[in-house]
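Q: Here the working numbering is used: the first residue of the sequence shown is 3, the next is one more, and so on. Quick one: the structure is below, questions incoming.
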Amino acid sequence: MSTLWTLTRRNLRLFFRDRMRVFFSLLSALILVALYVFFLGNQITSSVTAQLPGAPAEDVDRFIRAWVFAGVIMITSLTASLGAMAVFVDDRVAHRFDDFLVAPPRRGYLTLGYLLAAFLVAALISLLLLAAAQITLAITGGGMTLGELASAAGITLLCCLVFAALSALAASFIASAGAFAALSTIVGTGVGFLAGAYVPLGTLPAGVAKVLTLLPFAQAASLVRGPLTAGPLDALDAAQPGAGESLATYFGVHAMVGDTELGVPLLIAILSGLGILFLLLAIGRFGRRLRTV
3 MSTLWTLTRR NLRLFFRDRM RVFFSLLSAL ILVALYVFFL GNQITSSVTA QLPGAPAEDV
63 DRFIRAWVFA GVIMITSLTA SLGAMAVFVD DRVAHRFDDF LVAPPRRGYL TLGYLLAAFL
123 VAALISLLLL AAAQITLAIT GGGMTLGELA SAAGITLLCC LVFAALSALA ASFIASAGAF
183 AALSTIVGTG VGFLAGAYVP LGTLPAGVAK VLTLLPFAQA ASLVRGPLTA GPLDALDAAQ
243 PGAGESLATY FGVHAMVGDT ELGVPLLIAI LSGLGILFLL LAIGRFGRRL RTV
């Protein structure tokens with residue numbers, strides 16, 4: 003285990019030492035925040051308030067703020083883990099595997115070192131964002147309860163595990179730094195849309211929303227939104243019965259496929275299964291890459 007931790011720590015150090023790499027791992031989340039602060043936030047809040055005249059504007063504001071934070075956390079769980087896999091790509095391009103394989107560490111430790119580092123990077127940054135969300139929401143009167151916070155933390159860690167495995171699988175197909183940069187750009191640009199974080203799923207055509215809901219990105223976002231938005235939705239329901247349920251469906255808090263809701267246990271089971279699948283495929287791909295060195 004000391005060997006595994008040494009390799010993991012080395013990968014963590016290389017990632018955090020490159021400040022631009024850390025910045026670009028957070029860029030998609032920062033863009034989402036900027037969109038809502040400077041462009042879309044007031045527009046969406048005004049639209050919701052107009053549709054729900056009985057709902058207090060401050061409760062609508064708190065809900066939108068919690069919804070945005072949930073999108074930021076979900077996006078970061080993917081982009082941060084993918085950014086951490088740049089260390090693997092750099093090692094491959096620089097032929098460092100040649101040096102590793104003549105040293106004592108076994109191939110399995112090398113593989114797990116990259117995977118564990120990607121998970122820890124995503125978990126650390128995502129949990130810090132969750133803490134920032136809780137502080138911000140608490141200051142504005144809409145903080146999570148202890149149970150909701152624990153649930154949000156657990157879901158966040160699940161997302162980090164799943165997307166670290168997916169990132170490792172994707173990185174195993176990359177043979178150059180340029181190709182990895184292109185992949186990171188595509189993922190960073192597209193994940194917000196696929197998760198329904200840039201615009202509410204309810205604004206999209208029904209067919210598009212249904213397809214997105216069947217993807218793990220929107221499912222993960224739905225899970226994260228649940229505990230973060232629970233308080234504001236309850237407040238809206240108290241002020242105007244039915245308002246919370248309507249907003250939860252429109253903004254993708256509930257994962258709806260047509261008229262069928264994918265419940266939280268089912269979403270957790272789906273993501274867990276996908277995480278195991280991605281992990282097994284990634285380990286297999288890494289093993290083949292190391293054997294061909």
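The beta carbon of each residue, even a glycine, is placed where N, CA and C say it ideally should be.
For a quick check, are the C-beta atoms of Ala116 and Met87 less than 9 Å apart?
A: Residue 116 is actually Tyr in this sequence, not Ala. Closer than 9 Å, so yes.
Q: For the candidate residues Gly73, Arg94, Arg11, Phe25, whose alpha-carbon lies nearest to that of Ser186?
A: Minimum Cα-Cα distance from Ser186 among the listed residues Gly73, Arg94, Arg11, Phe25 corresponds to Phe25.
Q: Hey, out of Ala72, Pro207, Glu150, Leu112, whose CA is closest to Leu9's CA?
A: Leu112
Q: Let me check one thing: in DSSP terms, what residues is Leu264 bridge-paired to?
A: Ala257
Q: Work out the CA separation of Ser274 and Gly246 for me, nearest whole Å.
A: 28 Å
Q: Is Leu238 closer than 9 Å to Val62 when the C-beta atoms are compared?
A: yes
Q: Ignore the nearest five residues each way along the sequence and tell me which others in Leu6's own chain have a CB closer than 8 Å to its CB.
A: Shown here for Leu6: same chain residues with a beta carbon closer than 8 Å to its own, the five before and five after excluded, namely Tyr111, Leu114, Gly115, Leu118 in chain order.
Q: Considering only the alpha carbon of each residue, which of Ser4, Val91, Leu206 lies closest to Ala177?
A: Val91
Q: If you drop the 5 nearest sequence neighbours on each side, which residues of the same chain put their C-beta closer than 7 Å to that of Ile77?
A: Ser30, Ala31, Leu34, Val193, Gly194, Ala197, Ala199
Q: For Ala232, count neighbouring Cβ atoms within 10 angstroms of its own Cβ and tell me buried if that reaches 16, exposed if not.
A: It counts as buried.
Q: In or out: Thr262 buried (at least 16 other Cβ within 10 Å) or exposed?
A: exposed
Q: Pick helix, strand or coil for Gln136, following the three-state DSSP scheme.
A: Looking at Gln136 - three-state DSSP - the assignment turns out to be helix.
Q: Could you spell out where the alpha helix (DSSP H) holding Phe90 opens and where it closes?
A: 88–95
Q: Does DSSP classify Val35 as helix, strand or coil?
A: Collapsing the DSSP output to three states places Val35 in a helix.
Q: Looking at the unbroken alpha helix (DSSP H) that takes in Phe165, where does it start and where does it end?
A: 148–173
Q: Measuring CA to CA, which of Arg67, Phe17, Leu28, Arg290 is closest to Val39?
A: Arg67
Q: Could you tell me the distance, in whole angstroms, from the CA atom of Arg19 to the CA atom of Val259?
A: 43 Å
Q: For Gln221, count neighbouring Cβ atoms within 10 angstroms of its own Cβ and tell me buried if that reaches 16, exposed if not.
A: It counts as buried.
Q: Compare the C-alpha of Leu217 against each of Arg290, Leu276, Ile46 and name the closest.
A: Leu276
Q: Leu159 and Ala120: beta carbons closer than 9 Å?
A: no
Q: Classify Gly180: buried if its beta carbon has 16 or more other beta carbons within 10 angstroms, exposed otherwise.
A: exposed
Q: Please report the distance separating the alpha-carbon of Arg11 from that of Ala96.
A: 19 Å
Q: Quick one: give me the first and last residue of the alpha helix (DSSP H) that Leu214 is part of.
A: 208–215
Q: Short of 6 Å in beta carbon distance, which residues of its chain neighbour Ser27, apart from the five on each side in sequence? Order them along the chain.
A: Thr81, Ala82, Gly85
Q: Tell me the DSSP secondary structure of Ala57 in three-state form.
A: coil
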